[in-house]
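Undergrad: If you scroll down you'll find the structure; I have some questions about it.
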Amino acid sequence: MNVVRRRFAQHVLSLSCLFTSGRSTLPGPTWKAVIQLLGCTLPRMNELSRAQIRDLMAQVLKNQDKELPADDAAQLRDIGFRSLDFSELALRVEDETGEELNFDAPGLRRIATVSDVLDFLVELQQQ
């Protein structure tokens with residue numbers, strides 16, 4: 001069984017031509033499920049660092065004539081970072097990485113500070 005699984009995994013991994021700009025021609029969850037089922041991992045195409053995400057967040061705020069404070073403990077409501085701003089930031093991260101971020105509303109409820117946003121987006125990229 002291990003030989004068959006390993007050969008199949010090699011075959012799947014050799015299909016790297018499926019990737020264009022970091023996106024698979026298979027739907028994300030399907031492709032990820034196949035890779036997970038095989039017990040394999042693929043390198044991330046373009047994972048952003050916390051600092052890079054912070055820069056994107058600063059750009060989102062700058063477009064509204066707001067400034068991102070140096071302190072990551074700053075409250076989002078105090079700096080005027082709303083849910084729409086989070087959506088724009090998430091889209092920018094997706095554009096930069098070429099990967100779709102999958103998250104749900106309950107995960108967003110725990111976000112209150114700049115640090116929470118950065119941690120959340122870094123964690124999402126690693127899923």
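With the UniProt record's numbering, the residue at position 89 of the sequence shown is 89, and numbering never jumps. For each residue, glycine too, the CB sits at the ideal point set by N, CA and C.
Nearest-angstrom Cα distance between E99 and F120?
TA: When rounded, the distance between both Cα atoms is 15 Å.
Undergrad: For a test of the three-state rule: what should DSSP assign to Q59, helix, strand or coil?
TA: Q59 falls in the helix class under three-state DSSP.
Undergrad: Determine the direct distance from the alpha carbon of N102 to that of R50, and round the result to whole angstroms.
TA: If I take the Cα positions, the gap works out to 18 Å.
Undergrad: Quick one: residues in its chain with C-beta nearer than 6 Å to the C-beta of R23, no 5 flanking neighbours on either side, listed in chain order?
TA: In this predicted model, R23 has a pLDDT of only 46, less than 50, meaning its place in the structure is not dependable; the value taken from the coordinates is given anyway. Hits under 6 Å: G98.
Undergrad: Looking at the C-beta of F81, does it have a partner C-beta in chain B at a distance below 8 Å?
TA: This model lacks chain B altogether; it includes just one protein chain.
Undergrad: Taking the straight line between their C-alpha atoms, what separation do you get for R82 and D116?
TA: Taking the straight line from one Cα to the other gives about 13 Å.
Undergrad: Output the distance between the C-alpha atoms of S87 and E67, rounded to the nearest integer angstrom.
TA: Approximately 18 Å between the Cα atoms of the pair.
Undergrad: Among D85, L118, L84 and Q126, which has the Cα closest to the Cα of D72?
TA: That would be L118, whose Cα lies nearest to the Cα of D72.
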